[in-house]
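So the sequences go chain by chain: U and E. Last residue of the first sequence: 578 (the working numbering), numbering continuous. Last residue of the second sequence: 281 (the working numbering), numbering continuous. For glycine and all other residues, C-beta sits at the position ideal for the given N, C-alpha and C. All values reported here derive from a predicted model rather than from experimental measurement. To start, the structure under review is shown below, and the notes come after it.
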Amino acid sequence: MIQKEDLIIRVAGESGDGSNATGEMLAQAAARSGLHVFTFRTTPAEIKGGPVMFQVRASNNPVRSMGDAVDVMFAFNQEAWDINHTSLAHHPVLLFDPDEFTPPASYTGAAYPVPIGRIALEAGNRRGKNVVAMGVVAAMFGLGLSRLEDIVRAKLGKKVEYLESNLAALQAGIDYAHGLKRTDKLWIEASTEREHYVMTGNQAIVAGALHAGVGFFAGYPITPASDIMEGIASTLPKLGGGYLQAEDEIASIMACVGASYAGKKAMTATSGPGLALMGEAIGLASMAEIPVVVVDAQRGGPSTGLPTKTEQSDLNIAVYGGHGDSPRIVLAPASVAECFSLTVWAFNLAEEYQSPVIILSDYSLSFRTETIAPFDLSRYPVVHRKQPEGEIQPKEYQRYHVNGSYVSPMALPGTPNASYTATGLEHDEFGNPAYTSEFHMMMTEKRWHKLDALKSSRKYVRRFGDPSAKVGIICWGTTAGAGRGAIHLARQEELPLAMLQVEMLSPLPVDAIQEFIDSVEVVLVPEVNYQGQFAKLIQAEMGIRVHSLVQYAGMPFSRLAILRKVHELMEIGEPVVD
Amino acid sequence: MSSIPISDVVVRKPADYKTDLKPIWCPGCGDFAVLAAIQQSLAALQIDPKDLVIVSGIGCSSRLPGFVESYGLHTVHGRSLPAAQGIKLARPELTVMAVGGDGDYFSIGAGHLPHAFRRDINITCIVMDNEIYGLTKGQTSPTSPHGHVTKSTPMGNPAFPLRPLALALSSGATYVARGFSSQPKQLAELIRKGMEHQGFSFIQAMSPCVTFYDTYKIYKEKVYQIPADHDPHDVAAAMRYAMEADRMPLGLIYQATPAERPAPVEPKAFDTLAYLARYQA
């Protein structure tokens with residue numbers, strides 16, 4: 001066997017046939033053994049039936065994207081082969097259930113029949129196909145072989161009789177694999193033990209919100225954001241926080257605006273259709289300067305679109321989607337770890353600037369699991385909004401007093417002598433309705449100027465790669481993972497490549513972006529939407545031309561797709577990558 | 001805004017709940033009487049203005065929070081109820097009131113109403129119903145009569161008016177009442193009782209618009225007092241009053257005891273590391 005740098009295994013089948021569970025347990029076992037893991041899954045939009053796949057990329061180095069070609073595929077049925085065979089690597093390994101289908105003669109890679117149903121039956125566990133498959137894969141390719149039993153005990157060991165039959169199925173799978181005559185040499189195992197968490201993006205957002213001190217959450221079910229609401233529902237009420245499953249997204253955001261006005265840190269989570277409904281209320285939060293955090297787990301659009309496919313196409317509505325001149329802060333995490341850190345930042349920014357903050361996650365990030373190093377919590381201090389200090393005299397308090405920072409202390413109900421009415425109408429410094437040109441200009445400038453400092457901040461960009469690169473990639477959100485993967489591949493062919501990950505899309509940190517642009521000759525902006533929304537935003541804000549690379553197939557970018565474009569721009573032929 | 005140093009005040013009078021802002025309403029508008037009734041109820045219950053939040057939507061009547069000495073949240077059209085619920089869930093110790101007009105509660109925000117009823121969160125909701133859109137200068141509203149000619153229905157209103165009290169009853173409301181701005185004493189009493197009610201209280205306050213649909217005369221002919229022998233716990237009897245179309249019964253139509261609520265949970269600090277342990281590989 002030859003230890004691989006990383007290995008990509010895809011288990012494909014039909015919803016409910018155990019293929020997803022197989023992938024999930026393999027990922028857990030691999031992570032527990034010390035490997036870095038990055039999973040990716042697709043599911044149908046309906047509850048029953050339809051093709052699914054679960055992919056595990058495992059490595060002894062940190063992994064930041066789903067990778068490129070699939071090294072090992074386990075096809076549970078004919079359709080799984082039909083859909084997924086084009087993703088296979090040059091020298092792939094195929095495992096297949098011979099009772100379901102036979103690979104075509106045109107397939108020339110390694111192939112092993114694994115009659116999972118029969119093996120499970122013989123082991124006395126008719127429903128143990130997933131455990132058999134897991135045993136076979138781990139015995140053949142390593143992963144978390146030594147940890148499989150732990151996982152079976154943890155996941156399937158609630159009842160003794162189930163545990164016994166599942167362990168029997170697992171052993172039958174392992175034994176079957178040992179009996180195979182191998183023609184391939186793929187193998188990966190952990191080189192060292194590592195302490196890490198295995199989390200999804202949505203789980204990390206929940207943890208980040210709780211760490212930041214969320215005190216109120218309201219939401220409405222929508223894929224792929226529902227499990228943020230569910231995660232909060234099972235924790236926040238026990239901490240004394242407020243929680244509401246609202247009647248729609250408008251009610252969700254309005255309840256958050258109310259709760260935040262009353263002094264609690266408030267959050268809602270939705271996807272594109274919900275964000276569209278929240279537009280007016282986000283404008284109110286902008287106008288009345290009320291902190292609120294909105295998570296948009298993007299999916300394919302417009303309209304109901306592709307509820308279970310990924311896209312980065314809500315940038316425009318997040319950044320520009322308000323009526324009137326309505327400032328807002330928009331953040332975009334690229335990884336599960338950043339789902340935690342940027343959620344903490346989102347609350348801190350909302351509090352510090354008394355502004356709505358939108359977090360743009362996406363479907364691929366919502367549900368994928370990654371291994372992440374334990375957080376150093378000292379790096380995530382928690383910020384609270386500024387409140388008036390000392391005793392307030394009657395008629396003295398000005399809720400919207402214009403000062404040097406343009407952020408005015410916000411009194412909470414219960415504060416003596418500070419009562420005021422927050423309104424969506426234009427107002428004077430006391431908050432009273434005032435429509436004169438003078439007040440509209442003064443308050444418009446107040447609302448925008450308070451965010452000016454963020455434009456020159458260096459905190460919300462990350463630079464990667466070679467300082468001498470001629471081609472620079474600018475990425476946002478999950479595409480940054482593939483961008484960093486492209487840098488890794490480029491290094492192998494000694495091609496200098498640099499990348500700037502922009503974590504704040506509004507206000508755009510223009511100084512840091514300008515520095516990056518000045519350091520390269522060509523700028524490439526890859527993103528998962530048709531219009532090239534980020535490329536256009538950069539062109540408009542920075543006044544330069546960039547090369548836009550778009551993909552709108554409902555799938556995340558691969559490293560190779562970005563590297564290919566870099567080669568094309570440099571006119572150096574196709575990249576040679578196995 | 002005027003404010004009352006708490007330590008000095010022994011008894012608050014209705015006038016203590018006035019602010020320096022002058023109402024924007026037309027002379028003769030029913031909303032003046034509703035405002036006065038609210039201020040009387042607040043004085044009757046000696047509510048501390050610093051612990052009171054009045055939430056509203058958009059419309060003439062929704063400007064009311066600015067005229068009451070209290071905290072206020074003047075939101076967007078139709079969305080006062082979710083905002084009010086957010087405030088009450090976040091800070092249960094506050095007194096929360098939601099006010100607005102028939103456009104706010106029965107048209108654009110109507111989707112929020114049944115859910116507010118069935119959640120039964122302790123909020124007092126006062127709808128100033130004038131059966132017309134006043135702020136936008138006289139279009140037909142969800143409670144305008146069938147056939148009513150307005151600028152937006154020049155051939156007459158093709159739809160039939162909503163019956164808000166019946167909607168409340170069918171959605172599980174626990175306090176349902178109707179008052180009239182020309183009978184301010186009763187209105188103030190209905191509001192006060194609503195504020196004392198420990199669940200969601202709904203008060204339809206008939207409040208004519210003198211400029212675009214002057215109904216004083218019509219209402220005076222239609223209204224009558226619900227007889228003293230009406231049992232407000234009798235939902236079937238309440239429904240008969242709620243469904244009346246030709247006449248307009250005034251008074252407490254229905255009241256039920258709100259369901260027991262779990263005691264509020266004392267806020268606890270969140271232990272991030274302990275929470276994250278569940279994700280350890």
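Q: Taking only beta-carbon positions, decide if D248 (chain U) is within less than 8 Å of chain E.
A: yes
Q. Since Q280 (chain E) meets chain U, which of its residues come closer than 7 Å, beta carbon to beta carbon?
A. Per Cβ cutoff of 7 Å: Y197.
Q: Identify the contact partners of K50 (chain E) in chain U, using a Cβ-Cβ distance below 9 Å as the criterion.
A: P413, G414, T415, P416, N417, A418, S419
**Q.** Listed by chain order, chain E residues near K264 (chain U) by CB distance under 8 Å
**A.** Those are A90, R91, listed as they occur along chain E.
(Q) So the candidates are E:Q204, E:A116, E:G57; which of them puts its Cα closest to the Cα of I108 (chain E)? (A) Closest in alpha carbon position to I108 (chain E), among E:Q204, E:A116, E:G57, is E:G57.
**Q.** Within 7 Å of chain U by C-beta, residues of the stretch 124-148 of chain E in sequence order
**A.** none
Q.
Three Cβ pairs or more, each shorter than 8 Å: is that satisfied between the stretch 205-224 of chain E and the stretch 247-260 of chain E?
A. yes
Q | Coil, strand or helix - H74 (chain E) by DSSP | A | strand
Q. Under 8 Å between the Cβ atoms of R32 (chain U) and Q55 (chain U)?
A. no
Q. Got a sec: which bits of the stretch 64-84 of chain E sit with their beta carbon under 7 Å from any beta carbon on chain U, in order along the chain?
A. P65, G66, E69, S70, Y71, G72, L73, H74, T75, V76, R79, P82, A83, A84
Q. Using 8 Å as the threshold, is the stretch 181-193 of chain U in touch with the stretch 305-316 of chain U, meaning 3 or more CB pairs across them?
A. Touching, no.
**Q.** Three-way DSSP call (helix, strand, coil) for F38 (chain U) in this model
**A.** If DSSP states are grouped into helix, strand and coil, F38 (chain U) belongs with the strands.
Q: Please determine, among U:A540, U:F216, U:L495, the residue with the shortest C-alpha to C-alpha distance to Q245 (chain U).
A: U:F216
Q. Taking the alpha-carbon positions, what's the P416 (chain U) to P327 (chain U) distance?
A. 30 Å
Q. Terminal residues of the continuous alpha helix (DSSP H) containing V160 (chain U)?
A. Here the alpha helix (DSSP H) through V160 (chain U) covers 160-178.
Q: Report the three-state DSSP secondary structure of M1 (chain E) (helix, strand or coil).
A: Note that M1 (chain E) scores a pLDDT of 47, beneath 50, so its modelled location is shaky; the value from the coordinates is reported in the next line. Reduced to three states, the DSSP call for M1 (chain E) is coil.
**Q.** Neighbour list for E280 (chain U) in chain E, Cβ cutoff strictly below 9 Å
**A.** V76, H77, R79
Q. For the alpha helix (DSSP H) that contains F212 (chain E), what are its first and last residues?
A. Segment: none, F212 (chain E) is in no alpha helix (DSSP H) and carries neither H nor E.
Q. Alpha carbon to alpha carbon, how far is Y175 (chain E) from I123 (chain E)?
A. 11 Å
Q) For I87 (chain E) versus Y380 (chain U), is the C-beta distance shorter than 8 Å? A) no
(Q) Would the stretch 495-502 of chain U count as touching the stretch 511-527 of chain U if we require 3 or more Cβ pairs under 8 Å? (A) yes
Q: Note down, in chain order, all residues in the stretch 218-244 of chain U with a beta-carbon under 8 Å from any beta-carbon belonging to chain E.
A: A218, T235, P237, K238, L239, G240, G241, G242, Y243, L244
Q) Are the C-beta of N432 (chain U) and some C-beta of chain E separated by less than 8 Å? A) N432 (chain U) belongs to the set of residues whose beta carbon lies under 8 Å from a beta carbon in chain E.
Q. Given that L21 (chain E) touches chain U, what residues does it touch there, using C-beta distances under 8 Å?
A. N432
Q: Check each candidate in U:I9, U:G321, U:E14 and name the one with the smallest Cα separation from D68 (chain U).
A: U:I9
**Q.** Under 7 Å from the C-beta of H211 (chain U): neighbouring residues of chain E
**A.** What H211 (chain U) touches in chain E: F270, T272.
Q: Check the Cβ-Cβ distances between D6 (chain U) and every residue of chain E, and say whether any is below 8 Å.
A: no
Q: Count the other C-beta atoms from every protein chain shown that fall within 10 angstroms of the C-beta of M140 (chain U), then say buried if there are 16 or more, exposed otherwise.
A: buried
Q) Which chain E residues are close to L377 (chain U), counting only those with a beta carbon under 8 Å from its beta carbon? A) T272, L273
Q) Can you list, in chain order, the residues of its chain whose CB lies under 8 Å from that of F439 (chain U), leaving out five sequence neighbours each side? A) E426, H427, D428
(Q) Going by DSSP in three states, L500 (chain U) sits in which element: helix, strand or coil? (A) The answer is strand: DSSP assigns L500 (chain U) an E or B state.
Q | 7 Å Cβ cut-off: residues of chain E touching L284 (chain U) | A | T75, V76
(Q) Could you compute how far the alpha carbon of G100 (chain E) sits from the alpha carbon of P184 (chain E)? (A) 17 Å
Q) So G424 (chain U) and H74 (chain E) are in contact, right, with Cβ under 8 Å, and what is the actual spacing, rounded? A) 7 Å
Q: Along the alpha helix (DSSP H) that carries S457 (chain U), what are the first and last residues, could you check?
A: No alpha helix (DSSP H) holds S457 (chain U); DSSP gives it neither H nor E.
Q: May I ask you to list, following chain order, the residues of the stretch 248-261 of chain E that have a beta carbon less than 7 Å from some beta carbon of chain U?
A: none
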